[in-house]
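Enquirer: Oh and the sequence shown: position 323 is 323 in UniProt numbering, straight run, nothing missing.
All residues carry an ideal CB built from backbone N, CA and C; glycine is no exception.
These numbers were taken from a predicted model, which means no experiment stands behind them.
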Amino acid sequence: MDAVDASAHYEVSASAETPALLTIVLDTNPRAWAALANTLPLSKAIANILVFANSHLALGSTNQVAVIASHSNRAIWLYPSPKEVAATAAAATATTKARRAAAAAANGGDSDDVPMTDSDSNGNTHSNGNGNGNGNGNGSNIPQTVPSSANKFPQFREIETTLLKSVHDLVTSTTERDLEETTTLLSGALTLALAHINKTAILIPAAAAAADGKGRPSGQQGGSSGSAGKGVGGGPGSAPGSDGKTKGDGSASSDDVGLHARILVISVSDSSPAQYIPTMNAVFAAAHAGVAIDVLALRGAATFLQQAAFITRGTFLAPPAPGDSADGHGLHTQGLLAYLMLGFSAASARDVANALVPPSADAVDFRAACFCHRRVVDTGFVCSICLSIFCEVPEAPAGDETAGGPPTTECLTCGSRLRLGAYGAKPAVVPRPKKKKKKRLGGAAGGREETGSTVGTPMTS
């Protein structure tokens, strides 16, 4: 009877929600933002980024957000907060608890009644009852560091407060010597993002196992994908190798993935050729872990970021620079939020990303930086041993010329002896074979061509 029972058609299967971690790498180069001050100030850009981060958190209750600043001389955390910001947040939490305790005492000891405060456009808080949100009354001696609002989600307020405080500390700590750099430490920011993603991927399966009351099986890890059990996945934008199927090398499928992680890089400066090697190492590590790198290049030539988005199967968008568009305005404040929401919002959810086709770049700049002078080259010389790239032929050591033999040189990276062969010689030109002309009867110019047959054409009567 179970075979003909149709009640299973109406059963609804509840699946666990996959946590999504969005790590935003913000380029905070002071020179670049000074060039964009007329069209897109840094304050407006941060406000739009906060809206985008809040939309990611609103897609799922288990979603997480992390923000990293790629500065001219260092890469630091903006959210979650560093130690100084964490101490400020702890003081704000203690102040809030003290305010609630004072309000509970004023209400007759009823601790369940929490005063709800709101703030106006000027940031002044107003109490809606017996609470002391405006600092007056029984709790006037309690300092108010962070004005709370009943109309704002607590996590949104926490991200906004922490991010603005971290950016303010970063800007005030920037010296005149730091302004001389025209690029940022992108490789360090990508490394921090990958380390945070790997740590989160390890903690999520452990927390789930602890909540279920089950211990982790021996030998199983929750780290990044590859040889580990459960890892990180990027959906359709994931790197090669994360196609959602179990492979023979023991890597986990996308159904068993415990975290959907992506990295969004908001770039405003040129790619630094001096960071080519560490940047590509971070890109290949992200591709191996199945973490897609999305790039929004607002300004500058992001050569290496194009390759990063292509290798990790991410999305690369480069809005028109100010003055390049038809109306002459180019990128503006509202344009940044539109690019973020339309180009990268769908990739935050794995189920939504599987049903949509992300935008793709028309052409990818695959140029590399040489290892000798750190210059981006179109054509270079590659060592056959270590695959190092040079913009010109390395000079041979002194007293190493071989008499009568092909010239040799030494690789600057691995020290291998290389033979140049016939480099620089002119290629041998093979003459084109001449076409044979057909012979003509009698040698006359207007004669009939020789057909090789004496039999005439038969005629029909």
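1. Excluding the five sequence neighbours on either side, which residues of its own chain have a C-beta within less than 8 angstroms of the C-beta of L170, listed in chain order?
2. Return the Cβ separation of residue 462 and I263 in integer angstroms, given the expectation that the two are a contact with Cβ distance under 8 angstroms.
3. What do you reckon, are the CB atoms on L259 and A189 nearer than 9 angstroms?
4. Find the nearest neighbour of G314 within the set P358, Q275 and C386, judged by alpha-carbon distance.
5. What number of angstroms, rounded off, separates the C-alpha of A16 from the C-alpha of L59?
6. Here's a check: name, in chain order, each residue in its chain whose Cβ is nearer than 6 angstroms to the Cβ of A301, leaving out the five neighbours to either side.
7. Of the choices F316, A193, A355 and S388, whose alpha-carbon is the least far from that of T413?
8. Drop a sphere of 10 angstroms on the beta-carbon of C386, count the other beta-carbons inside from all chains shown, and report buried for 16 or more, exposed for fewer.
9. Buried or exposed for P19, going by 16 or more other Cβ atoms inside 10 Å?
10. Taking S166 as the reference, give the member of V67, Q306, H288 and S416 with the closest Cα.
11. DSSP puts R262 in a beta bridge; with which residues?
12. If C370 and L418 are in contact, beta carbons under 8 angstroms, what's the gap, nearest whole angstrom?
13. By DSSP, does D27 sit in helix, in strand, or in coil?
14. Sorted by chain position, which residues of the same chain lie with C-beta nearer than 6 angstroms to R374's C-beta, five sequence neighbours on each side aside?
15. Which first and last residues belong to the alpha helix (DSSP H) in which A47 is found?
16. Put V171 into one of helix, strand or coil per three-state DSSP.
17. Would S121 be called buried (16 or more neighbouring beta carbons within 10 Å of its own) or exposed?
18. Assign A428 to buried or exposed, taking buried as 16 or more other Cβ atoms, counted over all protein chains shown, within 10 Å of its Cβ.
19. Would N48 pass as a contact of L336 if the rule is Cβ separation under 9 angstroms?
20. Could you give the residue range of the alpha helix (DSSP H) that holds Q307?
21. Quick one: what's got a C-beta closer than 6 angstroms to A308's C-beta in the same chain, skipping five residues either side?
22. Let me confirm a value: L340 is counted as buried when at least 16 other C-beta atoms fall within 10 Å, else exposed. Which label applies?
23. Can you tell me which of K436, E392 and T174 puts its alpha carbon nearest to the alpha carbon of N73?
24. Identify the residues that DSSP records as bridge partners of F390: which are they?
25. Less than 9 angstroms between the C-beta atoms of T162 and S81, yes or no?
26. Which partner residues does R419 have in the DSSP bridge list?
27. Who pairs with V67 in a beta bridge, going by DSSP?
28. Based on DSSP bridge pairs, tell me the residues matched to L340.
Expert: So, to answer that:
1. T28, A69, H71, I76 and L78
2. There is simply no residue 462 to check, as the chain begins at 1 and stops at 461 in what is shown.
3. no
4. P358
5. 14 angstroms
6. D270
7. S388
8. exposed
9. buried
10. V67
11. L22 and A292
12. Not really, about 16 angstroms apart at Cβ, beyond 8 angstroms.
13. strand
14. P273 and A274
15. L42 to A58
16. helix
17. Unreliable placement is indicated for S121, whose pLDDT of 44 sits below 50; the coordinate value is still reported in the next sentence. With fewer than 16 other Cβ atoms within 10 Å, it is exposed.
18. exposed
19. yes
20. T303 to I311
21. V283 and I293
22. buried
23. T174
24. F381
25. yes
26. T408
27. I24 and Y79
28. DSSP output for L340 lists no bridge partner at all.
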